[in-house]
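Heads up, the thing below is written out as structure tokens.
Protein chains: 2
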Amino acid sequence: MRIGELAARTGVSVRALRYYEEQRLLASERTASGQRVYPESAVERVRLIRQLFAAGLASKAIEPIMPCVVTGEVVPELLERLRAERERMDAKINELIAARDKLDAILAGADAAAHKGRPCPR
Amino acid sequence: MRIGELAARTGVSVRALRYYEEQRLLASERTASGQRVYPESAVERVRLIRQLFAAGLASKAIEPIMPCVVTGEVVPELLERLRAERERMDAKINELIAARDKLDAILAGADAAAHKGRPCPR
DNA sequence: TGAATCCCTGACGCCGACGTCAAAGGCACA
DNA sequence: TGTGCCTTTGACGTCGGCGTCAGGGATTCA
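Order-wise, the sequence lines are chains R and G.
Residue 567 is where the first sequence starts when you use my numbering, and the numbers rise one by one after that.
Residue 567 is where the second sequence starts when you use my numbering, and the numbers rise one by one after that.
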């Protein structure tokens with residue numbers, strides 16, 4: 567498929583897809599005239615990229631793992647980095663949970679105050 | 567205390583603290599000569615700011631809730647936004663967990679491949 | 001064969017959370 | 001009174017993940 571279809575099927579902009587290629591996260595074949603052509607598997611690939619971005623990974627962190635995702639093969643040094651990233655994600659999750667609980671506490675306090683009908687001062 | 571000490575005690579840069587003030591997340595008194603002076607409570611305040619930043623809140627989202635955190639008072643409209651932010655955080659947490667699990671799967675596959683002694687091709 | 005729609009590269013713009021530098025003035029201790 | 005560090009404002013720089021525009025070719029359908 568061509569880039570427009572891939573964009574439509576993934577919900578990612580054409581510009582973003584080209585950017586992913588620039589960052590070597592996503593490869594493409596080219597027609598004789600230079601247009602990008604993607605296999606079906608690209609859809610899944612893009613979803614994975616988005617998911618890793620959402621997890622806070624930078625493209626530079628994603629790039630080296632991509633060839634390995636495909637084959638399931640990896641060098642030990644890379645394995646280290648992956649585990650490190652995993653740790654970062656775990657930490658981030660805990661951070662988020664703590665922050666959410668804090669927000670809950672604020673909400674609880676606000677609810678209590680709201681019942682007394684007092685507005686928020688500025 | 568002055569800005570340098572607050573920075574040291576919170577692990578946040580002086581520049582960042584001034585930025586927080588610019589964004590009206592953090593207030594300060596001034597000496598006659600114009601130097602910033604903070605109360606003890608500023609330490610906690612900065613920690614809260616950092617925590618909310620870490621949770622993905624933007625300074626514009628944090629600013630309006632700050633006076634309310636102090637007094638525990640809030641207007642209903644704001645309450646809406648807070649709840650919306652809470653939802654966003656929950657979603658983000660789930661995203662992160664999913665991404666972590668995906669990474670775990672990749673790691674598992676990599677481990678298996680590593681046992682066969684195959685390197686990661688480039 | 002034309003018209004609409006797609007696609008290409010290259011380049012500049014944007015935004016948020018600061019980093020960094022410049023030029024100047026304070027503060028503490030000798 | 002010097003000297004060495006702290007602080008001030010102001011302004012420009014950075015970085016990542018794109019958006020957006022310009023100026024051109026490719027595809028497709030009638």
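Glycine residues also receive a C-beta, built at the ideal position from the N, C-alpha and C atoms.
For E595 (chain G), DSSP records a beta bridge to G:V603. The beta carbon of L648 (chain R) sits closer than 7 Å to the beta carbons of I631 from its chain, once the five residues preceding and following it are set aside; these are given in chain order. In this structure, E651 (chain G) sits away from A620 (chain R), with a CB-CB distance that is not shorter than 8 Å.
For V580 (chain R), the uninterrupted alpha helix (DSSP H) segment begins and ends at 580–588. When DSSP states are grouped into helix, strand and coil, A678 (chain R) belongs to the helix group. Secondary structure note for L572 (chain R): its alpha helix (DSSP H) is the uninterrupted segment 569–576. For the set G:I663, G:L669, G:Y586, G:I569, the Cα lying nearest the Cα of L614 (chain G) is the one of G:Y586. Here the alpha carbons of I628 (chain G) and T597 (chain G) stand approximately 27 Å from one another. In this structure, R602 (chain G) lies near I569 (chain G), with their beta-carbon atoms less than 8 Å apart. Closest option to L669 (chain G), judged by alpha-carbon separation, among R:G675, R:D667, R:R654: R:R654. Contact residues of the region 596–619 of chain G toward chain R are L614, Q617, L618 (C-beta to C-beta distance below 8 Å).
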